[in-house]
Amino acid sequence: MVMLLAALVLNIDSLLADTPGNAGVWTGYMENCTGDTLECCLYLLKNIPRLDRLEMTTEALDDHILHSLPFRSGLPDSVFLPGLLLYRTAEEPVSSFRGTLGGFWDSLGASEPREVAEWAEENLQVLSRRYLGGMQDPMQVLESRAGTPGEIQVFLAASLRAMGFPVRTVTGWFAGESGGEESWLEVWENGRWSPMREDFTGLMLAAGGNGGLLTGNCTETFTLIVEPPGSSFGEYLVSLNLPVDGRYLPLDMALCPDTVQLGSGNVLICLSRRLPSGAVEVWNSFISPLPGDTVHWDASDLVANRR
Amino acid sequence: MFHLLITAAVSWTGMQECMDQLQAHSPVSDISVAENLTVLEENAELALWTRENTPWGPLVPDSVFLRYVLPARVSQEPLVAWRPVFMDALLPVISGSETAGEAVLVISSWCDSIIDYAPTQYRDQSPFVTWSSGIGRCEEMTVFFMCALRSVGIPCRQVYTPWWSTVDGNHAWPEVWTPDGWAYTDISSELQTLNDAWFTERARSTALVVAMVPDSLGGALRYYGDASSVNVTRDYAPSGILVLEDPDESVTVSIMNWGSYRPLAVMDSLHASIELGDGSYLLTWGWPVNSQHVDVAAGDTVRVRLAGGDLPGHMVMNLREDAAW
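If you read the protein sequences in the order shown, they are chains A and B. Under my numbering, the first residue of the first sequence carries the number 3, and numbering increases by one thereafter. Under my numbering, the first residue of the second sequence carries the number 45, and numbering increases by one thereafter.
As structure tokens, then:
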């Protein structure tokens, strides 16, 4: 027990040391809270990206912790902490939004995810993604009544969290002529994660906000087992790529996989190695398994058959 | 605060033109949120001041000033009021510099004393976070460096290679405008001259280098609605021209990096030719996906008629005669 506590303190100390210029916000907050509030603060400190630690304010900590705790009752920690207390949806900046957004939806009498989605559909102008500027935060979307599809998704997730619904972002990679990378929200309702999306045609890989693969939750899958060329991948890279209109879309979530569950369809597997000259030697091969199949793909076979 | 003393002396001539330029090339959140508009106005006042009160300011043409000194943003970093803070810090530092070129090297060294390279996160951090934390990845270091340069009126733009040809990864860096043209630089305390950086040799074999211009430009590789990407590969590497014959299709030009085919550019009827570094490229188009492997040699114009076909089972990209494999 003593060792566990010591490890926890060391971990916090190292995180604070790696928060130059803003560690005081965290230490000041932790010195002034106890119980659930302290637990939530520690969870955030340990689970948000470094830039978020640097940008965090006392106001934002208060907003996220104090407006989440009233909804904790009845939720498992595995849902409350990453789904409701955590505020991040995509690449938006750290902001305070729960108090204001909660009041906004109260004023409209909205209490269901469907009502939030319908309001956004009717009232937010959809903008094209441009080069300059990062994502708007949820309050900026509300104020400007406009956002890119990604920013509107951030606004929806923030609104649902402000109303007490745990949310997670799932990113999917779809094959086919209209394929590509898309993301959607899942809402925790009635004891399960429910996707706010219905059509998963062409889905090959889905990953949750915590990096976990969720493909099997959305579509039928096959199992790909990749055998490296020799005892390890060493100098070789194995990448999975999806044919989409006009190009091959890399699945960087699954670089050099041992085993991965994929939706059924055509997959380009590239085995490559960079030569001392800087050139790249590449082997391309396609597989097209059916649902339920298990495919053993052995890179040694390709390397042995060079030229 | 030095900048508080100088803002009172700003000539208001050109202020409206500056605000028009910023409004036309800023994200919606910058111009629809009152707090951000205040940042843009102060940014314009201070930019105008440097034009009249630095040795190089009067040499900068209007079009260069509006595109490369005035902007309040470099790329996707959060909008913050960086200009007054950087001005306060940098004006004393460059007080002994008589030319913009001298000042660039002094500022490069100043940046090097403050920040180190470190991988961070996908989202760009603001120049203030880079300053306080002392680290940033290459794009964040470029944002920081460019804020420092622009704060004392030195025109600059962001340049990057989407993917290196001979190693996995990519890089971003700034170019500064001089009366003799654009010159590249990077953060270092050891630079003696412009057009010298750690990546000089690596860039000589790169596939594509683009400069970002916060404006609409004819002939750009791509226009994003608020900024254009301009092909400047020939300034860095021996290059050739790839021309599509009968470009009815939208064709993606890719190279192999980090184990996959990474897109560099899309060619179509409006962009039927592209200048690329000496090397091998994969062209893909249509559905089902067709592919074609092409080599572009320095000084050559390669005309390609799309023939279609499957990916070869085995190939070596960028194989040189001196390859050691």
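We put the CB at the ideal spot given by N, CA and C, even for glycine.
Item                                                                                                                                                                 : Value
Exposed or buried, G323(B), counting other C-beta atoms within 10 Å across all chains shown (16 or more means buried)?                                               : buried
Quick check: V287(B) and S313(B), are their CB atoms within less than 8 Å of each other?                                                                             : no
Quick one, which residues of the region 315-339 of chain B are near chain A if we go by CB-CB under 7 Å, in chain order?                                             : T328, W329, G330, W331, P332, V333
Along the chain, which unbroken stretches of the beta strand (DSSP E) at least 3 residues long are found entirely within the region 230-263 of chain A?              : 238-246, 249-252
Could you give the DSSP three-state label for I35(B): helix, strand or coil?                                                                                         : Limits of chain B in this structure are 45 at one end and 369 at the other, which puts residue 35(B) out of reach.
Do we get a CB-CB distance below 8 Å when we pair R194(B) with the residues of chain A?                                                                              : no
Can you list, in chain order, the residues of its chain whose CB lies under 8 Å from that of T21(A), leaving out five sequence neighbours each side?                 : W28, R52, R55, L56
For F288(A), which of helix, strand or coil comes out of DSSP?                                                                                                       : strand
Run through the DSSP bridge pairs and tell me what L144(A) is partnered with.                                                                                        : DSSP lists no partner for L144(A).
Tell me the rounded alpha-carbon separation between Q263(A) and D38(A).                                                                                              : 38 Å
Less than 8 Å between CB atoms is the rule here; does A306(A) satisfy it with respect to chain B?                                                                    : no
For S153(B), I'd like the list of residues in its chain whose CB is within less than 6 Å of its CB, leaving aside the five on either flank, ordered along the chain. : S233
Determine the contact status of M137(A) and S97(A), defining contact as a CB-CB distance below 8 Å.                                                                  : no
Cα-Cα, which of Y238(A), P259(A), V143(A), N243(A) is closest to S287(A)?                                                                                            : N243(A)
Which first and last residues belong to the alpha helix (DSSP H) in which P151(A) is found?                                                                          : 151-164
Which runs of the alpha helix (DSSP H) at least 4 residues long sit entirely within the region 150-238 of chain B? Give them in chain order.                         : 171-177, 182-195
From G353(B) to Y267(B), what does the alpha carbon distance come to, in whole angstroms?                                                                            : 31 Å
With a cut-off of 8 Å, do at least 3 Cβ pairs link the region 164-177 of chain B to the region 214-229 of chain B?                                                   : no
For N87(B), count neighbouring Cβ atoms within 10 angstroms of its own Cβ and tell me buried if that reaches 16, exposed if not.                                     : buried
For E184(B), count neighbouring Cβ atoms within 10 angstroms of its own Cβ and tell me buried if that reaches 16, exposed if not.                                    : buried
Are the beta-carbon atoms belonging to A309(B) and L265(B) less than 8 Å from one another?                                                                           : yes
Roughly how many whole angstroms lie between the Cα atoms of G85(A) and T328(B)?                                                                                     : 40 Å
Whose CA, out of S335(B), P282(B), T229(B), A351(B), lies closest to the CA of E289(B)?                                                                              : A351(B)
Rounding to the nearest angstrom, what Cα-Cα distance links A306(A) and R276(A) in this structure?                                                                   : 17 Å
Below 8 Å CB to CB, which residues in the same chain sit around V282(A) once its five sequence neighbours on both sides are set aside?                               : S274, R275, R276
What separation, rounded to the nearest whole angstrom, lies between the Cα atoms of C182(B) and Y161(B)?                                                            : 7 Å
Per DSSP, M256(B) is paired with what?                                                                                                                               : S273(B)
Mind listing which residues of the region 146-167 of chain A have their C-beta closer than 7 Å to chain B's C-betas, in chain order?                                 : S146, A148
Quick one, which of F172(B), V340(B), G140(B), R201(B) has its alpha-carbon nearest P282(B)'s?                                                                       : V340(B)
Quick check on S70(A): buried or exposed, where buried means 16 or more other Cβ atoms within 10 Å of its Cβ?                                                        : buried
If you check the beta carbons only, do R95(B) and F109(B) fall under 8 Å apart?                                                                                      : yes
For E121(B), which residues in chain A fall below 7 Å Cβ to Cβ?                                                                                                      : G136
Tell me, please, whether the CB atom of W128(A) is closer than 8 Å to any CB atom in chain B?                                                                        : Note that residue 128(A) is Val in the sequence shown here, rather than Trp. No, its Cβ sits nowhere closer than 8 Å to a Cβ of chain B.
Are E93(A) and D139(A) close, meaning C-beta to C-beta below 8 Å?                                                                                                    : no
Please name the residue or residues paired with Y325(B) in a DSSP beta bridge.                                                                                       : V338(B)
Assuming contact is defined by CB atoms lying nearer than 8 Å, are W121(A) and M165(A) in contact in what I supplied?                                                : no
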